[in-house]
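Undergrad:
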Amino acid sequence: MKRPVTAGHGQVIGEALGGQLPSYLGQCFPASDIPPQARELYRLNWIRVIPDARYVPVPILPVLRPDTGQPLDLGYSMLRSVSPIHCQYLNNMGVRASMSLSLLEQDRLWGLITCADPQPLLVSHPVRTMCAAIAQLLSVQITALQTRDLQAERERKSLLINELSAAMRLATHDVLDGLANHPQQLLGLTGASGVAVLIEDRLQLIGQCPTEEQVRALYLWVREQCLDSGELLVTEHLQSLHGGSAVYSDVASGLLAFVLPKPVDNGVIWFGAQLRSSMQWSGNPDEHFVAGTDAHQPLQPRKSFEVWEQQVEGRSRPWSAADAFAALQLRRAAIEDDLARQVRREHEAVRVRDELVAVVSHDLRNPMTIIIMQCGMMQRLVSRDEGKHTVRLSAALGTVEEATSRMNALIADLLDKSKLDAGQYPLDCKPLDVVELLEQACALLVTLTSHKDIELNCSSVAGLSIDADPQRLFQVLSNLLGNAIKFTQAGGRIDVRAWQVDDNVMISVRDNGGGILPAQLPHIFERYWSVREGNPNGSGLGLYICRSIVQAHGGKLWATSEPGVGSVFTLSLPAIA
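Residue numbers for the sequence shown follow the UniProt record's numbering, beginning at 1 and rising by one.
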């Protein structure tokens with residue numbers, strides 16, 4: 001019986017001899033003895049038989065199938081020719097007949113039962129059938145035992161994962177701080193000889209590890225490999241992947257690592273110390289093929305199968321499937337804990353922000369109201385005085401009153417934004433007549449348009465109705481009209497229009513102002529963004545609040561613009577049938 005060992009090589013782990021063939025028990029055979037295409041055939045077929053390795057092959061006629069134009073697929077055929085190199089390989093071993101039974105673990109080739117005879121032998125069909133049944137039963141048992149052992153190991157490691165996960169949750173600064181504070185559990189999780197925990201610019205080494213400088217350089221390579229290959233990096237022969245690691249292979253011949261998907265460096269690297277051992281090969285493993293006796297003779301398989309002992313260095317104990325499972329589970333737990341930590345921080349930031357907005361809205365709005373009232377009273381008193389400073393004082397009071405009004409509007413915008421972000425923006429919806437709504441909005445702002453000699457036109461299809469909060473929707477229309485008036489030159493024109501498309505009422509505000517640059521247009525609905533840089537009159541929240549209000553009504557708000565021609569802001573709201 002032969003099963004795979006490290007790097008795809010095979011080792012004889014059981015043997016029964018009849019006295020005519022040498023013993024190969026404990027010896028290893030290189031992976032090149034069974035190339036990938038042959039391994040796939042073993043996986044697909046329970047049994048492969050060669051009655052006589054010195055047979056003379058008979059060609060199949062025709063060479064190509066008439067229906068497909070392709071060679072006949074003999075992958076599942078019992079009676080088929082094999083590679084001449086394999087036949088010569090058997091002859092070099094002194095074998096004339098062979099039969100191989102495939103042993104599978106969950107559809108993967110686990111090993112082979114190889115039978116050989118120095119004389120030609122045709123195994124009967126009943127015997128072949130029984131042998132195939134034995135291979136199938138053994139494969140079921142192998143899968144069951146491997147699954148049982150893996151599950152038991154996973155359960156044992158799950159206890160450590162739970163302990164380390166709890167430590168990460170309780171860590172005050174970073175989730176990986178919890179791992180660094182539990183070194184024995186972290187080492188025991190994978191059976192590593194050393195482990196490095198990198199937390200931003202901090203590095204903690206536990207057990208047998210390379211130097212700090214070497215680990216930091218190695219981490220940069222590990223990070224790139226994890227980004228390219230997936231969640232984990234696993235190898236028992238590190239220097240075959242990273243040549244620079246040969247200088248510290250005594251403490252880090254193997255590596256198991258993961259990194260966290262964060263903008264800063266965070267990761268864990270387990271190290272496997274070098275495990276020096278010797279392997280007994282059946283012949284020189286590096287001598288895959290030998291040249292023929294003359295220039296026209298093809299390559300032939302090696303002829304010697306005498307024991308060849310090789311010292312193995314630069315390799316660690318192979319990481320088990322349970323080790324990789326444990327590392328993967330720990331990574332997932334770290335990501336989940338880190339995300340939960342970010343959510344908690346975000347909630348705390350929102351709470352602090354809401355408290356600040358509450359203070360602003362209450363403690364600042366009241367003084368602003370008092371200032372406005374006092375300015376109004378002082379304006380009335382000044383208007384009765386005909387002194388020489390009356391005009392200057394009146395202008396100063398007007399400036400104070402205007403600035404205070406702007407601050408009040410800014411505070412109102414901040415309060416609205418806070419409620420919108422928190423999903424606590426109340427709507428008192430009722431059926432509204434669109435014609436009446438537009439007329440009220442235009443009538444309120446007609447004074448501003450007349451001061452700039454702007455023509456304001458309002459038109460609507462009769463009978464349009466929507467279900468909306470009149471105060472909030474009036475706020476949207478006032479903001480859109482106010483912006484149109486602000487950015488339209490004297491003598492310009494503004495058109496407000498309403499119509500219906502399918503089940504939606506469309507309302508547009510069109511101006512012939514300077515327009516918005518294409519690079520600016522995608523950003524106009526963002527928070528704290530103003531079309532005119534350096535504009536002190538806007539908070540940059542108006543359009544953001546307008547779109548949020550429209551979306552809260554189940555509608556949409558968008559804009560189109562052409563520099564030098566003007567802009568059109570259009571909103572759609574569900575119509576009342």
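Heads up, the beta-carbon is just placed ideally off N, CA and C, and yes, glycines get one too.
#1: Would you call the segment 299-308 and the segment 271-284 in contact, with 3 or more CB pairs under 8 Å?
#2: How about Gln500 and Ala575: are their beta carbons less than 8 Å apart?
#3: Is it right to say Ser100 is buried, meaning 16 or more other beta carbons lie within 10 angstroms of its own, or is it exposed?
#4: May I have the straight-line CA-CA distance separating Leu432 from Leu232, to the nearest angstrom?
#5: What residues in its chain sit with their C-beta under 8 Å from that of Glu200, if we drop five residues either side in the sequence?
#6: Should the segment 139-153 be regarded as contacting the segment 102-112, the criterion being three or more beta carbon pairs within less than 8 Å?
#7: Go through its chain and collect everything with a Cβ distance to Arg223's Cβ below 6 Å, but skip five positions before and after it.
#8: I'd like to know whether the C-beta atoms of Leu189 and Ala326 end up nearer to each other than 8 Å.
#9: Inspect the CB distances between the segment 235-247 and the segment 164-180 and report whether three or more fall short of 8 Å.
#10: Answer with buried or exposed for Lys430, where buried requires no fewer than 16 other C-beta atoms within 10 angstroms of its C-beta.
#11: Where are the beta strand (DSSP E) runs, 3 residues long or more, that stay fully inside the segment 440-515, in chain order?
#12: Let me check understanding here. Comparing Cα to Cα, which of Gly398, Asp495, Val350 lies closest to Met373?
#13: Would you mind listing the beta strand (DSSP E) stretches within the segment 139-225 that are 3+ residues and don't spill past its ends, in chain order?
#14: Helix, strand or coil: how does DSSP classify Thr404 here?
#15: Which residues in the same chain as Pro30 place their Cβ atom closer than 6 Å to its Cβ, once the five residues preceding and following it in sequence are excluded?
#16: With a threshold of 8 Å on Cβ separation, who are the neighbours of Gln471 within its own chain once the five nearest residues in sequence on each side are excluded?
#17: In the DSSP assignment, find the unbroken beta strand (DSSP E) run with residue 650 in it and report its ends.
#18: On the criterion of 16 or more Cβ atoms from any shown chain inside 10 Å, does Pro536 qualify as buried, or is it exposed?
#19: Consider the Cβ of Ala152: report whether some Cβ of chain D lies at a distance smaller than 8 Å.
#20: Going by beta-carbon coordinates alone, are Cys209 and Val251 separated by less than 8 Å?
#21: In or out: Leu541 buried (at least 16 other Cβ within 10 Å) or exposed?
#22: For the structure I just gave you, are there three or more beta carbon pairs, one from the segment 115-131 and one from the segment 48-68, closer than 8 Å?
#23: Going by the beta-carbon positions, is the gap between Leu186 and Leu164 smaller than 8 Å?
#24: Where Leu381 and Glu401 are concerned, what is the direct C-alpha to C-alpha distance, given to the nearest angstrom?
#25: Specify whether the segment 441-453 and the segment 486-506 touch according to this definition: at least 3 beta carbon pairs, one from each stretch, less than 8 Å apart.
#26: Let me make sure I understand the geometry here. Which of Ile113, Lys157, Glu562, Gly513 has the alpha-carbon closest to that of Ser102?
#27: Just checking my contact of Tyr76 with Leu25 at CB under 8 Å: how many whole Å lie between their CB atoms?
#28: Using a 10 Å radius around the Cβ and a threshold of 16 neighbouring Cβ atoms, would you call Tyr42 buried or exposed?
#29: Rounded C-beta distance between Leu543 and Lys556? I'm assuming under 8 Å.
#30: Just the C-alpha distance for Glu348 and Gln342, rounded to the nearest angstrom, thanks.
#31: Inspect the beta-carbon positions of Leu464 and Val496 and report whether they are closer than 8 Å.
#32: Quick check: Leu444 and Ser478, are their CB atoms within less than 8 Å of each other?
#33: If you count every other CB in all the chains shown that lies within 10 Å of the CB of Leu176, and 16 or more means buried, which is it?
#34: Kindly provide the ranges of any alpha helix (DSSP H) runs that are 4 or more residues long and lie completely inside the UniProt domain "Phytochrome chromophore attachment site" (1-136), ordered along the chain.
#35: When burial is assigned at 16 or more other CB atoms within 10 Å of the CB, is Met93 buried or exposed?
TA: In short:
#1: yes
#2: Yes, the Cβ-Cβ distance between Gln500 and Ala575 is below 8 Å.
#3: buried
#4: 60 Å
#5: Asp174, Val264, Asp265, Asn266
#6: yes
#7: Val259
#8: yes
#9: Pairwise C-beta distances place the segment 235-247 out of contact with the segment 164-180, as fewer than three of them are shorter than 8 Å.
#10: exposed
#11: 455-460, 465-468, 493-501, 504-511
#12: Comparing Cα-Cα distances from Met373 to each of Gly398, Asp495, Val350, the minimum goes to Gly398.
#13: 194-199, 202-207
#14: helix
#15: His9, Pro285
#16: Asp428
#17: With the chain represented from 1 up to 577, any question about residue 650 goes unanswered, as that position is not in the structure.
#18: Model confidence at Pro536 stands at a pLDDT of 46, short of 50, so the residue's coordinates are unreliable and nothing is read from them.
#19: Protein chain content of the structure displayed is limited to a single chain, and chain D is not contained in it.
#20: yes
#21: Its Cβ being crowded by 16 or more others within 10 Å, Leu541 is buried.
#22: A contact is defined here as three or more CB-CB pairs under 8 Å, and the segment 115-131 meets this definition with respect to the segment 48-68.
#23: yes
#24: 15 Å
#25: yes
#26: For the residues Ile113, Lys157, Glu562, Gly513, the minimum Cα distance to Ser102 belongs to Ile113.
#27: About 32 Å separates the two Cβ atoms, so there is no contact after all.
#28: buried
#29: Leu543 to Lys556, Cβ: 13 Å. No contact.
#30: 10 Å
#31: Not closer than 8 Å, so no.
#32: yes
#33: buried
#34: Fully enclosed alpha helix (DSSP H) runs of 4 or longer: 36-44, 84-93.
#35: Met93 should be labelled buried.
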